[in-house]
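In what follows, a single structure is set out as structure tokens and then discussed.
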Amino acid sequence: RDGLKATEDAGGWPIIYTGNWFWNWWRSDLGRAPDFSNQPSWIAVYNGRPDLNVVPAPGLGTMRIHQYRGSTPAFGTTVDFNVAHKGWMDLARQRFSKPAPTPVPTPEPSPIEEDIMGKIADSMKATGLEIERQMAAATKGAKGDRGATGATGPMGPAGGGTPAPSPAPTGKTHTVVPGDSLGAVALKYKSGWPAGMNLWGKDGAAAKLASYNSIDVNGTLHEGQVLRIPW
1 RDGLKATEDA GGWPIIYTGN WFWNWWRSDL GRAPDFSNQP SWIAVYNGRP
51 DLNVVPAPGL GTMRIHQYRG STPAFGTTVD FNVAHKGWMD LARQRFSKPA
101 PTPVPTPEPS PIEEDIMGKI ADSMKATGLE IERQMAAATK GAKGDRGATG
151 ATGPMGPAGG GTPAPSPAPT GKTHTVVPGD SLGAVALKYK SGWPAGMNLW
201 GKDGAAAKLA SYNSIDVNGT LHEGQVLRIP W
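If you're matching positions, the sequence shown starts at 1 in full-length UniProt numbering and goes up one per residue.
As structure tokens, then:
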């Protein structure tokens, strides 16, 4: 009875499954007849007749399913042969069949909400563009902007307004080999420079060599690169 109550508490609909011969043996062993007549019964009586014309043993309720033959191989497993009361089965299906939940439609945004979202998107885009502009300006300043119109260029804020004249071409070139640097190449061809002189200053030999070849004074030389020598 505890099992029946637990099944009902869980929302189930209990049914007593047994055979008349087993039920009679059980109540004989108990010395009394348990009363489950208020529960539907599923009785196994292998008489080979697919009908409900079986009288339940004393203490059993109305038979709703009759197992009239034993199991047989089917559908990759074994199944029993049963016949059931259609009205009771229909009632069981109605009790336990749950309709599919109706999907909740997503509400369409009102025109006011759409307008607000559009303004937010436009504001975020404008803010992003301004951040990009400021980052580009800051990065340009950090790199020194050594071009002709940059901070240190002749046409820039610190320049005199006139580009520095390019030295006359000498026709000499140098092919870069492993270990070369602008300073080393400049010292090789610019004779007469005092020892310890700053090669990397604004007017240093390395800067002049870089400017003459239109390359960044802080750039990397590559093996096989040909440099024009201004001296």
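Ideal Cβ positions, reconstructed from N, Cα and C, are used throughout, including at glycine.
Next item on the list: Measure the Cβ-Cβ separation of Y68 and R93 and say whether it is below 7 Å.
Entry: no
Check: What's the C-alpha gap between I16 and T72?
Finding: 23 Å
Next item on the list: Specify the secondary structure class of V54 as computed by DSSP and reduced to three states.
Entry: coil
Item checked: For L221, the nearest candidate out of A206, A74, P230 (CA to CA) -> A206
Next item on the list: List the residues that DSSP assigns as beta-bridge partners of T102.
Entry: T102 is not bridged to any residue.
Notebook entry, point to check: By DSSP, does Y17 sit in helix, in strand, or in coil?
Noted result: strand
Checklist line | Inside the segment 68 to 94 only - beta strand (DSSP E) runs reaching at least 3 residues | finding: 77 to 84
Notebook entry, point to check: Just the Cα atoms here: how many angstroms apart are A10 and I120?
Noted result: 51 Å
Check: Identify the residues that DSSP records as bridge partners of T175: which are they?
Finding: V226
Notebook entry, point to check: Rounded to whole angstroms, how far is the Cβ of L227 from the Cβ of N213, which I believe are closer than 8 Å?
Noted result: 5 Å
Notebook entry, point to check: Which residues bound the beta strand (DSSP E) around S41?
Noted result: 41 to 44
Notebook entry, point to check: With DSSP run on the structure shown, which of helix, strand or coil describes R64?
Noted result: strand
Item checked: CA-to-CA distance, T102 to D80, given in whole angstroms -> 37 Å
Notebook entry, point to check: Excluding five sequence neighbours on each side, which residues of the same chain lie with their C-beta closer than 8 Å to the C-beta of G70?
Noted result: Y46, D80, F81
Note to self: Using CA atoms only, rank isn't needed, just tell me which of A6, G183, W88, E223 is closest to L209.
What the structure shows: G183
Note to self: At the level of alpha carbons, what is the spacing between L60 and R95?
What the structure shows: 23 Å
Next item on the list: Taking only the alpha-carbon atoms, compute the straight-line gap between D35 and P105 and give it to the nearest angstrom.
Entry: 52 Å
Next item on the list: Would you give the residue range spanned by the alpha helix (DSSP H) that G183 belongs to?
Entry: 182 to 189
Note to self: If the criterion is Cβ atoms closer than 7 Å, does the pair H66 and V55 meet it?
What the structure shows: no
Check: Is the Cβ-Cβ distance between I215 and K172 less than 7 Å?
Finding: no
Margin query: Distance check for K190 and K143, CA to CA, integer angstroms please.
Written below: Note that K143 scores 48 on pLDDT, short of 50, meaning its location in the model is unreliable; the coordinates nonetheless yield the value given after this. Taking the straight line joining both Cα atoms gives about 27 Å.
Next item on the list: Take E223 as the anchor and find which of R64, M63, T62, H174 has the nearest alpha-carbon.
Entry: H174
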